[in-house]
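Peer 1: First the structure, then my questions, so here it is.
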Amino acid sequence: MNLYQFLYYLKITIVFILFLTNCYTSKDTSDLPSILPLLMNQKIELLMIGDSLSERSNTFDLQQKLGDSYKINDISVSGRDVRIWLADKQKIQANKANIVIVNLGTNDASYYSTNEYPKYYSELIEYLRSIYSWKIVLTLVPPTNDPILKERIQINNLWIQTNYPTETKVDLLDLFEKNKSLPLYPTIDSIHPNPIGYDIIGSEYSRILSGLRI
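Numbering (our numbering), first residue to last: 176 to 389.
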């Protein structure tokens, strides 16, 4: 047996021991799948489900910010809201990953009432929980420069904060509030951030994702 084969079987043995230990010492198995990629020297796969915010920004340059240990798969589509993604579940299921980021809410605030948002959003999250044991990261979307949308987004984001207290969240609303002295939106577009806005979004995602137990 050469050195390469020895190291390979050693990794398999470690994974097996961790699995047995986890089975007999804890009812929570959520952390085990997340450490397998590192033990097997595999890239951490990240799926982004979003709209034009991520599609237009090259996924907020996360591939560059996170580095080669991550593999980014962005299936975001401009104009989509939670309801549209619920009608296209097969596209989500076809893209299994270690982490799934939900970056939705801007179009929802524009398309329909805040009273309807909890029903659709909770249905999406329950679906994501049901298909894979991936780590789910929720996004509190940025406020926009539109007064009406800003109010609706604040309501929807508060609902997420209240109803998903234990989920990992990236609070872009708070991020933009803390950086409001910077020009974060172009003068001709109140919805999509400028390069400065996109850059701080990417940096915040990178900070949160790098701190996860993956």
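Just so it is clear, CB atoms sit at the ideal spot from N, CA and C, and this is done for glycine as well.
Nearest-angstrom Cα distance between P208 and S308?
Peer 2: Residue placement at P208 cannot be trusted, given a pLDDT of 45 that sits under 50; the coordinates are not used to answer.
Peer 1: On a CA-only basis, which of N282, N233, E298 and T337 is nearest G254? Give me that one, please.
Peer 2: Ranking the options by Cα distance to G254, first place goes to N282.
Peer 1: Within 10 angstroms of its Cβ, does T234 collect 16 or more other Cβ (buried), or is it exposed?
Peer 2: With 16 or more other Cβ atoms within 10 Å, it is buried.
Peer 1: Suppose the cutoff is 6 angstroms on Cβ atoms and the five residues either side in sequence are ignored; what does the same chain contact list for Q238 look like?
Peer 2: Same-chain partners within the cutoff: I247.
Peer 1: So which of P293, I219 and I250 has the shortest CA-CA distance to E230?
Peer 2: Residue I250 is the option with its Cα nearest to E230.
Peer 1: Specify the secondary structure class of K355 as computed by DSSP and reduced to three states.
Peer 2: DSSP places K355 in coil when its eight states are reduced to three.
Peer 1: Here's the rule: buried if 16 or more other CB atoms are within 10 angstroms of the residue's CB, otherwise exposed. What is D243?
Peer 2: D243 is exposed by the Cβ-count criterion.
Peer 1: Within 7 angstroms: the Cβ of N332 and any heavy atom of the ligand PLP?
Peer 2: Inclusion of the ligand PLP in the displayed structure is not the case, the ligand content being empty and no account of it being possible.
Peer 1: Per DSSP, what kind of secondary structure is N273 in: helix, strand or coil?
Peer 2: Correct three-state label for N273: coil.
Peer 1: Just grab the DSSP bridge partners of V312 for me.
Peer 2: I276 and T343, per the DSSP bridge assignment.
Peer 1: What residues are listed by DSSP as bridge partners for Y245?
Peer 2: I219.
Peer 1: Under 8 angstroms, with one C-beta from each stretch per pair, do the region 368-376 and the region 323-337 reach the 3-pair mark?
Peer 2: Not touching, per the Cβ criterion.
Peer 1: How far does the alpha helix (DSSP H) with I300 in it reach, from first residue to last?
Peer 2: Segment Y292 to I306, the alpha helix (DSSP H) holding I300.
Peer 1: What three-state label does DSSP hand I363 in the structure shown?
Peer 2: The answer is coil: DSSP assigns I363 none of H, G, I, E or B.
Peer 1: Restricting to Cα atoms, I'd like to know which of Y360, I267 and E301 is closest to P317.
Peer 2: With distances taken between Cα atoms, P317 lies closest to Y360.
Peer 1: For L299 versus V252, is the C-beta spacing smaller than 8 angstroms?
Peer 2: For L299 and V252, no; Cβs fall outside 8 angstroms.
Peer 1: Using a Cβ-Cβ cutoff of less than 7 angstroms, which residues in the same chain neighbour Y380 once the five nearest sequence positions on both sides are dropped?
Peer 2: These residues qualify, in order along the chain: F235, L237 and V345.
Peer 1: Nearest to I363 by alpha carbon, out of I328, T319, L303 and L241?
Peer 2: Minimum Cα distance to I363 is reached at T319.
Peer 1: Does I267 come out as helix, strand or coil in the three-state DSSP assignment?
Peer 2: Three-state DSSP puts I267 in a helix.
Peer 1: Assuming I335 contacts L315 under a Cβ cut-off of 8 angstroms, what Cβ separation, rounded to an integer in Å, is found between them?
Peer 2: Right, their Cβ atoms sit about 6 angstroms apart.
Peer 1: Is V312 close to chain D? Criterion is C-beta to C-beta, closer than 8 angstroms.
Peer 2: You won't find chain D in this structure, because it holds only one protein chain.
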